[in-house]
Amino acid sequence: MTAQGDAAGAPAPSAAAPAHTAPPPRALPGGGQTRLHRLVAIVVDRPGVLNRVSSLMRARNFNIDSLAVSRTDRAGFSRMTISLHGDDVAVEQAAKQLYRLIDVLKVQDVTSDASVEHELALVKVRVTDGTRADVLKLIELMRGRVLDVSTEAVIAEVSGTETEVDNFVAGVREFGIKELVRTGAVVMARGSGSIEEAVKK
Amino acid sequence: MTLTKRDRTRRSHVPAAGTEHAAAVERAQREMLHEGSSTVSVRTAEHGTRPRIGADVVCEALLRQGVDVMFSYPGGVILPLYDVLGDYPQLRHVLVRHEQGGAHAADGYARATGKVGVCMGTSGPGATNLVTGIGTAMLDSIPVVAITGNVPSALIGKDAFQEIDINGITLPMTKHNYLVRDANELPRVIAEAFHIARSGRPGPVHIDITKDALQQQTQASHPADDEVVAGLPGFRPTLEGNYKQLKLAAAEIAAAERPVILAGHGVLHAGAEAELQAFAEKVNAPVAWTLLGVGALDERHPLAYGFMGMHGWKHVNRAIQSADLLFAVGMRFDDRVTGNVRTYAPYARIVHVDIDPAEIGKNVAVEVPIVGDAKRVLHAMLPMVEAVPPARRAAYFDQLTEWRHDSEGTSWHGSGAWRDGLLSADYVVQRIGELTRHEGVYVGDVGQNQMWLARYAGFRHPNTHLSSGGLGTMGYAVPAAMGAALGVPEREVWAIVGDGGFQMTSQELMTLVQDEIPVKIALFDNKKLGMIRQWQEIIYAGNYHSAHLLGPDYLKLSEAYGIPSIKASTPAEVDDAIRFAQGVKGAALIWFEIAGEQNVFPMMPAGKGLSDLIEEWGTAE
Chain A
1 MTAQGDAAGA PAPSAAAPAH TAPPPRALPG GGQTRLHRLV AIVVDRPGVL NRVSSLMRAR
61 NFNIDSLAVS RTDRAGFSRM TISLHGDDVA VEQAAKQLYR LIDVLKVQDV TSDASVEHEL
121 ALVKVRVTDG TRADVLKLIE LMRGRVLDVS TEAVIAEVSG TETEVDNFVA GVREFGIKEL
181 VRTGAVVMAR GSGSIEEAVK K
Chain B
202 MTLTKRDRTR RSHVPAAGTE HAAAVERAQR EMLHEGSSTV SVRTAEHGTR PRIGADVVCE
262 ALLRQGVDVM FSYPGGVILP LYDVLGDYPQ LRHVLVRHEQ GGAHAADGYA RATGKVGVCM
322 GTSGPGATNL VTGIGTAMLD SIPVVAITGN VPSALIGKDA FQEIDINGIT LPMTKHNYLV
382 RDANELPRVI AEAFHIARSG RPGPVHIDIT KDALQQQTQA SHPADDEVVA GLPGFRPTLE
442 GNYKQLKLAA AEIAAAERPV ILAGHGVLHA GAEAELQAFA EKVNAPVAWT LLGVGALDER
502 HPLAYGFMGM HGWKHVNRAI QSADLLFAVG MRFDDRVTGN VRTYAPYARI VHVDIDPAEI
562 GKNVAVEVPI VGDAKRVLHA MLPMVEAVPP ARRAAYFDQL TEWRHDSEGT SWHGSGAWRD
622 GLLSADYVVQ RIGELTRHEG VYVGDVGQNQ MWLARYAGFR HPNTHLSSGG LGTMGYAVPA
682 AMGAALGVPE REVWAIVGDG GFQMTSQELM TLVQDEIPVK IALFDNKKLG MIRQWQEIIY
742 AGNYHSAHLL GPDYLKLSEA YGIPSIKAST PAEVDDAIRF AQGVKGAALI WFEIAGEQNV
802 FPMMPAGKGL SDLIEEWGTA E
């Protein structure tokens, strides 16, 4: 790099940067591509632990898409599946912040791991005498299961990945959805590894 | 529509008679009205002559944890505890005048001693008054255990008198919190609380105990230390740095030409001052410190470079901006330290050592993260780094020295005792430091006084500079000094406080008198909210809304409290006033009338970078 034009005070040609050129701005943590992440957390099954987790996510400015909580096979431990959008660094921050909670034993971001993912939805679809047969057929075609049939509605159950459930919901939407409930995804890493066993230590 | 007889039957407004719940509600209501306690309360010095209740367990547990003093205020539901406190004379109880003062005192005690501070209050307003103090401790990672009473468990959720969901309030601002409804849980909970508060990255823990749990008879025994640890499987702080990362850090240091070590509060928490000094000496790098890192290295040490950040020394910020390596230990790259992150230390690679993994990569991206305790990491790294001979850094140190001379010669810096015909605050702070031979504990409040203290008092020992850095709690100084004075009676404790902050917690003057706590108060009176005024002058085009505040005649105020006091308005009076306060056996107050328009310079306006320091403003004289 030359300093031509610099010393004389003449305008420097744009091609040659002066020797004292400003360094590039420091990269901020994160700022990468935002995508859906799935965090699996094993927590101590104590009153208030769900509140601690959700309060922390709110306070740290993370927006949870869905949160599924259940017992595990080991007494005293619960498992949470937290789905949230964010870039990798932000979600790593979220996981680290979760670790600060005394009741949180283990947090794993399984987004990039091979895993199975499942979600359950119940959909109450509007029917008339004219559409009932079509609706029932569609539900069957889309691998749903009919749980209840009444004069003006049927309740269908569907389970699968988030996309499969989305597709199902989109499919029956034209008949009119009276009510919809989704459990939020639960995930489990493929293979023999076990987050529960990892906690034991 | 006609009403049938059945419709007109009144529904009972109490739980079905005869059920367990009904009995509990009735008992709780009786207890609220203090009608016949369910426990026998025989007041004797001998523990054995009355049943042991939850309140006894609390006192026993505190004693087991080595607590010698607590700062508290009684109230309805915590009275069962006060009922037994007299049986535990080893537990000194300081009756504060406001729970916030109690929380700050516990915080000051903890900072000065390194032990866990304890404060206590009743339910409802007692608990909410503690909140500011707990938040202060949280943001500065101070080990404090705050205990509150709550209404009897059967009344929880019924909006009972003085009931508030304090557990919900402290949840996001404590390291952990508990609600105890059963006395049998108290031994475990209190032991866990102290363990959590002091281990890893320290922090406050709040324990809410229902009145019935305090009164409940119990035989529960206290857990051993290993049982406590085993009961907290989710709490295993990482103390040792990862060996590979340490190797990487050592390589970074070996390659660096212009390294700067940034020392934060974590160095003091870990007691790593000796390790820091040895490390800095071996790699021959200057040490800069954060506001809470003051005291990490004796300021007389040749490698001690100074206080960084928004109101830090210009030479220090220049060194950071030109550094090719920042070796940060126990600090979190707070916005007051970095300013605009985009322009922060643009040439530097960063090694970041912190005990809390969540701090690493939070505010700045770092090249080498190391999770671990500052003392252990520095100790482990010492043999791994190559000794750097002074000759290799000669040019660098020449530059640093030049910058330092530059910066110290700028106007407003130690430029004499007078400012607009009145006292210059930095001169006063400097004299307090000198006349106490830098051996005291100096507690800053928040605002200009805080910055003058950190910059000019001259610190030689760790844990002798106490300051509310994270939360920036005005009113912190006097009550925190109270706690520090009880924690380290061998040191003279000074509260450096502005007239604004002083008026927030001056009620604790009476506590100083009643409990004979020898705090020396240096009240900096410019009849302004100085830092507010400075920002309004520089950033808000001189729109001084609410920056001027009146104060009382502080000599009369002190007299009314029974505290000897003196006023100093000229440089000639400063030394005498300080000596007067030192000569008083108990608490004393000096009313320093200081210049009203003095600014703290340099200053980095919020949102700007460390290279955009303002050093002059308007006409100085």
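Residue numbers (the numbering used here), protein chains in the order written: chain A, 1 to 201; chain B, 202 to 822.
Beta carbons are placed, not taken as given, at the ideal position from N, Cα and C, and that holds for glycine.
Since this is a predicted model, take the numbers as computed values, not measurements.
C-beta contact flag for Pro-558(B) and Thr-439(B) at 9 Å = yes
Is the region 352-359 of chain B touching the region 684-691 of chain B in the sense that three or more CB pairs, one from each, lie closer than 8 Å?
-> no
Can you find at least 3 beta carbon pairs, one from the region 756-765 of chain B and one from the region 787-801 of chain B, that sit closer than 8 Å?
-> yes
Buried or exposed by the 16-neighbour rule on C-beta atoms within 10 Å, applied to Gln-420(B) = exposed
Spell out whether any CB of chain A is found under 9 Å from the CB atom of Val-241(B).
-> Here Val-241(B) scores only 43 on pLDDT, less than 50, and its place in the model is too uncertain to base an answer on.
At least one CB of chain A closer than 9 Å to the CB of Arg-543(B): is that the case?
-> yes
Proximal residues of chain A, C-beta to C-beta of Phe-528(B) below 7 Å = In chain order: nothing, as chain A lies at least about 17 Å away.
Min CB distance Asn-368(B) to chain A below 9 Å = yes
Give me whichever residues DSSP pairs with Ala-189(A) in a beta bridge.
-> Ser-115(A)
Helix, strand or coil: how does DSSP classify Tyr-545(B) here?
-> coil
What alpha helix (DSSP H) runs, 4 residues minimum, are completely inside the region 324-363 of chain B?
-> 326-340
Own chain partners of Arg-661(B) with C-beta closer than 8 Å, once the 5 adjacent residues on each side are dropped | Gly-496, Asp-499, Glu-500, Arg-501, His-639, Glu-640
Give, in chain order, every residue of the region 553-573 of chain B whose Cβ lies closer than 9 Å to some Cβ of chain A.
-> Asp-557, Pro-558, Ala-559, Glu-560, Ile-561, Gly-562, Lys-563, Asn-564, Val-565, Ala-566, Val-567
Any residues in the region 104-134 of chain A with a beta carbon nearer than 8 Å to a beta carbon of chain B? Which ones, in chain order?
-> Val-104, Leu-105
Three CB pairs or more closer than 8 Å across the region 58-66 of chain A and the region 589-607 of chain B = no
Per DSSP, what kind of secondary structure is Gln-418(B) in: helix, strand or coil?
-> strand
Is the Cβ of Leu-466(B) closer than 9 Å to any Cβ of chain A?
-> Checking the displayed sequence, the identity of residue 466(B) turns out to be His instead of Leu. His-466(B) does not count as touching chain A.
Would you decide whether Val-181(A) is buried or exposed? Buried here means 16 or more other CB atoms lie within 10 Å of its CB.
-> exposed
Below 8 Å on the Cβ atoms is my guess for Ala-262(B) versus Leu-387(B); work out the distance and round it to an integer in Å.
-> 7 Å
So, is Tyr-545(B) buried or exposed, given that buried needs 16 or more other C-beta atoms within 10 angstroms?
-> buried
Is the Cβ-Cβ distance between Ala-481(B) and Pro-487(B) less than 9 Å?
-> yes
is_contact[Ile-195(A), chain B] using C-beta, thresh 9 Å = no
Could you please give the first and the last residue of the uninterrupted alpha helix (DSSP H) stretch that includes Arg-537(B)?
-> 536-539
Name the two residues that bound the continuous alpha helix (DSSP H) containing His-470(B).
-> 466-471
Member of Thr-323(B), Ala-361(B), Ala-456(B) whose CA lies at the smallest distance from the CA of Gly-350(B) = Thr-323(B)
Would you call the region 84-104 of chain A and the region 128-143 of chain A in contact, with 3 or more CB pairs under 8 Å?
-> no
For Val-586(B), the three-state DSSP class (helix, strand or coil) | coil
For Gly-322(B), the first and last residue of its enclosing beta strand (DSSP E) | 318-322
Taking just the CA atoms, how far does Gly-255(B) sit from Tyr-283(B)?
-> 12 Å
Glu-709(B) vs Arg-298(B) beta-carbon contact at 9 Å | yes
Using a C-beta cutoff of 9 Å, does Lys-178(A) count as contacting chain B?
-> no
Residue closest to Ile-195(A), alpha-carbon to alpha-carbon, out of Glu-92(A), Val-53(A), Thr-81(A), Ala-94(A) = Thr-81(A)
Inter-stretch contact at 8 Å, needing at least 3 Cβ pairs: the region 143-155 of chain A / the region 113-128 of chain A = yes
Just curious, the alpha helix (DSSP H) that Glu-568(B) is in, first and last residue?
-> Run containing Glu-568(B): none; DSSP gives neither H nor E here.
Step through the CB atoms of chain A and report whether any lies within less than 9 Å of the CB of Pro-435(B).
-> The question names Pro, yet the displayed sequence has Gly at residue 435(B). It does; some Cβ of chain A falls within 9 Å.
Contact test: Asp-555(B) Cβ vs the ligand ATP heavy atom, cutoff 8 Å = This structure lacks the ligand ATP; in fact it carries no ligand of any kind.
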